[in-house]
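Undergrad: Residue numbers (the UniProt record's numbering): 1 to 163.
The structure under discussion is supplied below as structure tokens; questions concerning it will follow.
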DNA sequence: AAGGGACACAACCGCACCTGT
DNA sequence: GACAGGTGCGGTTGTGTCCCT
């Protein structure tokens with residue numbers, strides 16, 4: 001199947017968003033929601049592709065986003081979830097309220113990967129793996145630091161329902 | 001004070017999956 | 001069942017800032 005590139009149209013803006021564009025996007029979504037990302041920028045009068053709008057909204061403009069540094073608890077949760085789920089950042093983000101997959105991905109690549117590497121090179125390999133192994137025995141209701149029982153694995157068929 | 005490397009984060013790209021026809 | 005279009009995800013890149021020498 002051949003797919004036209006998302007932003008093939010000439011004249012579509014790329015790069016950092018301006019406060020004005022943010023404002024337009026936020027007010028439009030608050031008013032009408034985001035039923036169709038592809039059509040949204042056209043209707044809202046933004047010179048952006050739908051993909052870009054979606055990313056901006058999800059990673060930055062959403063009202064429930066928690067900005068600022070990750071707490072130690074959040075970092076520990078990311079490490080554990082990553083050991084269980086792998087690079088499924090959206091699944092990890094779903095278990096950390098207010099955090100986005102992009103943010104988690106960035107934190108992982110900048111802080112945690114390095115920290116984990118340091119830890120494994122200095123400590124015995126059994127420690128964290130055993131914790132994960134014991135948790136993996138009960139994959140349906142992992143209790144994290146926020147004390148919320150969280151389902152860990154979604155069958156592929158349920159993936160679309162998360163959207 | 002200046003230069004360069006490291007770090008942090010926002011944004012883009014391409015692919016896979018899902019859904020409607 | 002095949003195809004086409006839309007959406008979401010993960011990997012990667014670009015750029016601004018910080019820190020060390």
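By construction, the Cβ of each residue, glycine as well, lies at the ideal position given by its N, Cα and C atoms.
For the alpha helix (DSSP H) that contains residue 87, what are its first and last residues?
TA: Here residue 87 belongs to no alpha helix (DSSP H), and DSSP marks it neither H nor E.
Undergrad: Take residue 95 as the anchor and find which of 75, 112, 110 has the nearest alpha-carbon.
TA: Here the closest residue by C-alpha is 75.
Undergrad: What are the boundary residues of the alpha helix (DSSP H) that residue 97 is part of?
TA: First-last for residue 97: undefined, no H or E at that position.
Undergrad: Between residue 51 and residue 37, how many whole angstroms is the CB-CB distance? I'm expecting something under 8 Å.
TA: About 7 Å separates the two Cβ atoms, so the contact holds.
Undergrad: Are the beta-carbon atoms of residue 64 and residue 35 separated by less than 9 Å?
TA: No, Cβ-Cβ distance for residue 64 and residue 35 is not below 9 Å.
Undergrad: I think residue 101 touches residue 61, with their Cβ atoms under 8 Å apart; what is that distance to the nearest whole Å?
TA: Not quite, the Cβ-Cβ distance comes to about 15 Å (not below 8 Å), so this is no contact.
Undergrad: Quick check: the Cα distance between residue 81 and residue 42, rounded to an integer number of angstroms?
TA: Between residue 81 and residue 42, the C-alpha separation is close to 38 Å.
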